[in-house]
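Undergrad: Per the numbering used here, the sequence shown runs over residues 1 to 186.
Backbone N, C-alpha and C define an ideal beta-carbon position, used for all residues, glycine too.
The following block contains the structure, expressed as structure tokens.
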Amino acid sequence: MLRPRWRGGSLRDAEEIERLKARLDAHLVHGDYRRLVTTVFEFATPPPLCASFVFCPKIDFEGNHLQDVSDLKNDLSWVTVTLLSTSSGGFLFVSHEDTATGAPTRFLESLKAQDDLSSSVVWLIACESDNFAISPDWYEGLTPDQAGAFIRGFQGNADPFVPSSCSLCARETDVPDWTLRNIFTL
């Protein structure tokens, strides 16, 4: 059975994202940064990819249900993710509004609990982002199985007719550790 990936169609999702963008812009214009809860993961090794995207976490890395995407009466809670490389390491920023449901917090706790954080972040990007850049040397250095896993995650993200209810908990990536230095909340 084909299950729609999007909640009520892409138009409904686009409307929700536009409302989110308007709220985030208002926070920025008014300097009201306390309205955005941001958790920062600092890495000692530069990640071989960069990404910036927004998504609504439906399940966590253990497969636990976080929010009902078929409930059209309520807006979803969204998470913004940015992964940046620097010459001395890298940063993962995971943010959500302070008025969000518990879904972003439970998603973040699930991410923090991952034994292989680097591989989990790569899998998150493959499964939930369409806005990323990959180091060609890194990608070409992957084994065929590793490259195939990344492509499968991305293809599942790109196809609205592929049920992806457990994509994060089915992590297939295995990449070298970026060595977590610190986690803090802004």
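#1: For the beta strand (DSSP E) that L49 lies in, which residues bound it at each end?
#2: Along the chain, where does the beta strand (DSSP E) that runs through E97 open and close?
#3: Would you say D177 and L117 are within 9 Å of each other, going by their C-beta atoms?
#4: May I ask you to list the residues that DSSP assigns as paired with I134?
#5: Among the residues of its own chain, which have a CB less than 7 Å from the CB of L66, if the five just before and after it don't count?
#6: So for H27, helix, strand or coil by DSSP?
#7: According to DSSP, what are the bridge partners of L180?
#8: Taking the continuous beta strand (DSSP E) assigned at V121, which residues delimit it?
#9: Residues in the same chain with beta-carbon distance under 8 Å from N131, minus the five sequence neighbours each way, listed in chain order, please.
#10: How should R171 be labelled, buried or exposed, when 16 other C-beta atoms within 10 angstroms of its C-beta is the threshold for buried?
#11: Contact between the segment 109 to 116 and the segment 141 to 157: three or more CB pairs below 8 Å?
#12: Taking the C-alpha atoms as reference points, what is the distance between F91 and V40?
#13: Could you tell me which residues DSSP pairs with L84 in its beta bridges?
#14: Could you give the distance in angstroms between the alpha-carbon of S85 and the alpha-carbon of L124?
#15: Helix, strand or coil: how does DSSP classify T185 here?
#16: Is it buried or exposed, F150, if we count other Cβ atoms within 10 angstroms and call 16 or more buried?
TA: In short, the structure shows the following:
#1: L49 to F55
#2: G89 to E97
#3: yes
#4: L49
#5: P57, K58, I59, D60, A103, R106 and F107
#6: helix
#7: F43
#8: No beta strand (DSSP E) holds V121; the alpha helix (DSSP H) holding it covers L117 to E128.
#9: A51, S52 and F53
#10: buried
#11: no
#12: 7 Å
#13: F91
#14: 17 Å
#15: strand
#16: buried
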